[in-house]
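Going by the UniProt record's numbering, the residue at position 280 of the sequence shown is 280; the numbering climbs one at a time, nothing skipped. Note that beta-carbon positions come from the ideal geometry of N, C-alpha and C, so glycine has one too. These numbers were taken from a predicted model, which means no experiment stands behind them.
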Amino acid sequence: MAQRQEDRISALPDEILINIISRVPITDGCRTGVLSRRWENLWNQVNNVCFFGDYDDIVLKNVGPENGFFAFVDHVLNRCNSQKIDRFWIQFTILEDKDSFRPVTNWIQFAVDHKADDIALLQQAAWNEVTLPEILVSYLPLKKLKLKFFKLGETQVINWPYLTQLTLRSVNMNDEEVERLLAGCPALETLELTHYGCFRELKIKSARVKTLILESCLSLNLDYNNEAWLRIRAPHLQSLEVYGEADCRLVNVSSLVDATFDCEMKLDNISGFLRGASHAQSLTFTSWFMEAFSLFDFKKVAASKFNCKQLVLRGDLRSYNISGIARFFLALPHLETLDMYLCTSSLVDTPRIFTGNEDYFHSNYHVRDAPVNNMKELLEESSVSKDTEGCVSKFNVNSARLDKVKDVNFYHGYWCCSEDDFENKKELPQLAEFVLRRATNLERLCLVSRKEWNCRECSRNCIAQFFSELVAKLHQCPKLSPNAVIHHSEFDYKYSSG
């Protein structure tokens with residue numbers, strides 16, 4: 001008979017075990033109580049209390065035969081022996097009856113009594129937006145707060161002097177309420193807004209706020225003209241991320257350092273939006289913008305005077321977007337580093353702009369025909385024409401160069417040798433050759449394939465072979481940087497779509 005293995009984990013000191021249990025939702029922590037008598041009461045000493053509505057018979061058996069999630073939460077909190085908790089997160093659904101919010105007020109009181117400085121109250125029911133309880137409005141120790149489907153009372157004055165991170169999801173406020181909220185958070189550093197649309201102005205005056213994250217910025221008022229709905233004025237902002245459907249304009253973000261745009265918007269507003277982001281030194285775009293580049297007036301885009309030094313693109317190369325992408329490179333006079341992550345057609349399998357689908361962005365309806373690939377023109381030898389006085393003529397696409405680009409990387413995502421993914425392999429050589437023909441100070445161009453990866457079609461690492469063959473071809477291409485290193489490397493990385 002085999003000897004029973006020693007339980008080394010249970011032999012650890014209580015404080016270590018409690019620290020481990022504190023890193024999982026409280027429902028999982030409750031489950032540890034059935035392991036042995038040693039674990040029976042460890043979970044009720046945790047310093048993080050997080051509920052996400054996922055309780056089952058195992059949890060109920062250990063905690064008590066209660067009926068319903070609210071009763072379960074009450075029972076757990078009554079058994080909690082921690083003097084101080086760091087985090088209190090709870091996801092819940094309340095009924096239309098106002099009295100059903102009474103237990104939630106008690107939970108907030110629990111978090112306040114236990115001096116939690118990281119609180120998340122995520123209500124799942126849109127039909128019953130609730131005013132913030134006064135006990136939370138004046139809770140001074142708060143450092144991090146997430147709210148969903150709450151509202152600010154008309155006379156409430158926020159007083160969160162130490163709050164550094166604020167996340168608001170489906171919390172709709174007017175301009176005055178937003179201004180009042182921000183005024184009560186003098187230490188705020190990061191603001192995240194998701195699914196909102198009742199205010200027109202976002203004025204962030206504080207020099208402490210460095211990061212703004214926006215998701216699904218849409219107006220809830222359908223009776224307005226084609227002007228961007230939300231105007232953002234944040235002169236001290238350094239980092240901006242915009243996701244989903246974006247209906248906003250960057251009026252003043254003059255201190256912007258890095259920006260990520262994984263979003264889509266009305267085409268009429270795109271040029272103004274990009275002009276607002278021209279101060280950023282690092283820009284990241286995903287597939288929608290990679291298509292939109294093809295619709296820009298190149299001269300107007302170049303006139304935006306971008307400060308961008310690092311450009312990251314995440315998406316597929318297609319015949320209808322490659323020319324626009326190449327032209328956008330030329331609109332970035334300070335560009336030094338280019339990283340392009342080629343994903344797969346299974347993730348971005350159809351054009352998103354050129355289909356003419358009737359979605360919210362009604363001003364895009366007229367866009368039907370995808371642009372053609374005119375890389376042949378861009379691959380011609382660049383020449384600089386002079387006027388009658390011998391001066392270089394006005395900037396044009398055929399004479400533009402990539403004078404400061406030094407480092408270019410093309411990363412393999414998940415595409416393979418199937419027919420659906422053929423365009424990535426067809427267009428990539430053209431874009432790589434374009435860089436070689438236009439970059440005057442290029443130091444390195446690298447094709448990076450995934451290590452230990454097998455194609456779903458041929459069951460081998462066909463992309464590594466394709467990249468190796470492409471490197472050999474690129475060595476034969478004309479280039480303005482004769483000493484540039486062109487090579488293929490393998491890297492074990494995880495592709496992220498943004």
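- Sequence-distant partners of residue 214 (beyond 5 residues in either direction) whose C-beta falls short of 6 angstroms from its own C-beta, in its chain, are 193, 242.
- Beta bridge pairing from DSSP links residue 312 with 284, 339.
- For residue 376, the uninterrupted alpha helix (DSSP H) run begins and ends at 375–378, by DSSP.
- When the beta-carbon positions are compared, residue 230 and residue 204 stay at least 8 angstroms from each other.
- A residue is called buried once 16 or more other Cβ atoms fall within 10 Å of its Cβ, and residue 313 is buried on that count.
- Annotation for residue 203: the continuous beta strand (DSSP E) segment containing it runs 201–203.
- The alpha carbon of residue 15 has as its nearest neighbour, out of 44, 306, 25, the alpha carbon of 44.
- The beta-carbon separation of residue 112 and residue 139, rounded to 6 angstroms, stays under the 8 angstroms limit for a contact.
- Out of 301, 333, 293, the CA that lies nearest to the CA of residue 309 is found in 333.
- About 5 angstroms separates the CB atoms of residue 123 and residue 148; that is less than 8 angstroms, so the two are in contact.
- Per DSSP, reduced to three states, the secondary structure at residue 94 is coil, with no helix or strand assignment.
- For residue 246, the uninterrupted beta strand (DSSP E) run begins and ends at 239–246, by DSSP.
- Counted as a single uninterrupted DSSP element, the alpha helix (DSSP H) harbouring residue 462 occupies residues 462–474.
- In chain order, 216, 217, 218, 263, 264, 265, 360, 361 place their CB closer than 8 angstroms to the CB of residue 245, counting only its own chain and leaving out the 5 sequence neighbours on each side.
- In the three-state DSSP reduction, residue 249 falls in the strand class (E or B).
- In terms of Cβ geometry, residue 189 and residue 167 do not form a close pair [threshold 8 angstroms].
- Remark: C-beta atoms of residue 474 and residue 440 do not approach each other more closely than 8 angstroms.
- Residue 236 and residue 300 have their alpha carbons spaced roughly 26 angstroms apart.
- In this chain, the beta strand (DSSP E) harbouring residue 444 covers 444–450.
- Per the C-alpha coordinates, the member of 449, 135, 52, 462 positioned closest to residue 489 is 449.
- Counting C-beta atoms within 10 angstroms of its own C-beta, residue 153 has fewer than 16 neighbours from the protein chains shown and is therefore classed as exposed.
- Residue 107 and residue 257 have their alpha carbons spaced roughly 40 angstroms apart.
- The three-state secondary structure of residue 105, taken from DSSP, is helix.
- In the DSSP assignment, residue 26 falls within the unbroken alpha helix (DSSP H) covering 26–31.
- In the three-state reduction of the DSSP assignment, residue 323 falls in the helix class, which pools H, G and I.
- In the displayed model, residue 41 falls within coil according to three-state DSSP, outside both helix and strand.
- Boundaries of the alpha helix (DSSP H) around residue 16: 14–21.
- By the Cβ neighbour-count rule, residue 427 is buried, with 16 or more other Cβ atoms within 10 Å of its own.
- In this model, residue 254 and residue 163 are separated by some 25 angstroms (Cα to Cα).
- The C-alpha of residue 341 is placed about 13 angstroms away from the C-alpha of residue 491.
- Residue 322 is a Cβ neighbour of residue 373, given a cutoff of 8 angstroms.
- Scanning its chain for C-beta atoms nearer than 6 angstroms, with the 5 sequence neighbours on each side dropped, one finds around residue 436 the residues 477, 479, in chain order.
- Taken through DSSP and simplified to helix, strand or coil, residue 149 comes out as coil.
- In the three-state scheme derived from DSSP, where H, G and I count as helix and E and B as strand, residue 270 is classed as helix.
- With contacts defined by Cβ atoms closer than 8 angstroms, residue 378 and residue 434 form a contacting pair.
- For residue 165, the secondary structure class from DSSP, reduced to helix, strand or coil, is strand.
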